[in-house]
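Those letters in the sequence shown? Residues 0 to 254, by numbering that gives the first Met the number 0.
Heads up, the beta-carbon is just placed ideally off N, CA and C, and yes, glycines get one too.
Only a predicted model underlies this, so the values are computations on that prediction, with no experimental measurement involved.
The block underneath contains the structure these notes are about, expressed in structure tokens.
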Amino acid sequence: MRLTNLHETLSKRRARGQKSLAVLLDPDHLDEAGCRQLLELSEVHPVDYFFVGGSLVMNSHQASLIRLVKSRSTVPVLLFPSHSLHLDTQADGILLLSLISGRNPDFLIGQHVVAAPLLRASNLQILPTGYMLVDTGRQTTASYMSGTTPLPYDKPTIAACTAMAGEQLGLRLMYLDGGSGAMYPVSAATIRAVRQATETPLIVGGGINTAEKAHTALAAGADVIVIGNQIEKSPDFLAEMSKVVRTFNAVLDIA
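Written as structure tokens, this is what we have:
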């Protein structure tokens, strides 16, 4: 499997302590007008990555959404797929998610077998990612659709051992996710435990809907924070989140 410059960039940023901001674009909830508005805002308030996908993706809007983003922005677009049907070669890369928090073989390896020939034939940069759903107070679409039980909110050691196993299996990123519409974010203790247990870049999303929660996640060890639902409710939220990341990096003399 080819190495990717996206992975190399993430690894270098982690080594420097530099934080990143990713915006999750869900084709089921974001129309063209909303996407254009978000892209305009991202020109003023920097974003490092656009993740495209969701737990359902029930329409064919994903392709046109990626096309629009690529035509108006140089920010890397990474697929965030929940199914092998959600591949799109217009993107720059793919978070090849293995749901290591659950025991459903279809999301551990099954969908990947179906997608493998398509990915091999594509130019997508592949980022093997250990995806861990964490209980954040309510059943999320991802948990329901995958038929899996999320990691306990208050058991950081379980999350750490899960991530450690994923790294030992060769996964190159770890992603802690509270899921869409989480009641509260992944705990700082869990983020810290996974950070200390692994050397891979760490992505954290779900329930990050205030500047304080974003700063807490970054301080605990998240290399990338992901926001989505709150931007759909309030596009101006992007400015606040971008400022948190820039300020955090500036304190470290990195910005």
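Item	Value
Under a Cβ-count criterion, where at least 16 other Cβ atoms within 10 Å of its own Cβ denotes burial, should Tyr259 be classed as buried or exposed?	Given a span of 0 to 254 for the chain in the structure shown, any question on residue 259 remains unanswerable.
Express the C-alpha separation of Ser145 and Gly129 in angstroms, rounding to a whole number.	15 Å
Under a Cβ-count criterion, where at least 16 other Cβ atoms within 10 Å of its own Cβ denotes burial, should Ala196 be classed as buried or exposed?	buried
CA-CA distance, Ser10 and Ala32?	34 Å
Quick check: the Cα distance between Pro116 and Asn122, rounded to an integer number of angstroms?	12 Å
Would you report the Cα separation of Asp87 and Gly227, rounded to the nearest angstrom?	20 Å
Going by Cα to Cα distance, which pick from Arg191, Gly205, Ser100 and Leu96 is closest to Ala114?	Leu96
Less than 8 Å between C-beta atoms, sequence neighbours within five positions excluded: which residues of the same chain meet that for Asn4?	Gln124
Could you tell me the alpha carbon to alpha carbon distance between Thr199 and Glu239, rounded to whole angstroms?	27 Å
Val74 by DSSP, collapsed to three states: which one?	coil
On the criterion of 16 or more Cβ atoms from any shown chain inside 10 Å, does Gln138 qualify as buried, or is it exposed?	exposed
Assuming Ala192 and Thr135 make a contact with CB atoms under 8 Å, what is their CB distance in whole Å?	Actually they do not touch by this definition, with Cβ atoms about 16 Å apart.
Taking only three categories from DSSP, how would you classify Phe79?	coil
Nearest-angstrom Cα distance between Ala213 and Phe49?	17 Å
Of the choices Gly205, Leu84 and Pro127, whose alpha-carbon is the least far from that of Ala221?	Gly205
Under the DSSP definition of a beta bridge, which residues are partnered with Thr246?	Thr246 is not bridged to any residue.
Hey, would you say the C-beta of Val243 is under 8 Å away from at least one heavy atom of the ligand COA?	In the structure on display, the ligand COA does not appear, and there are no ligands present to speak of.
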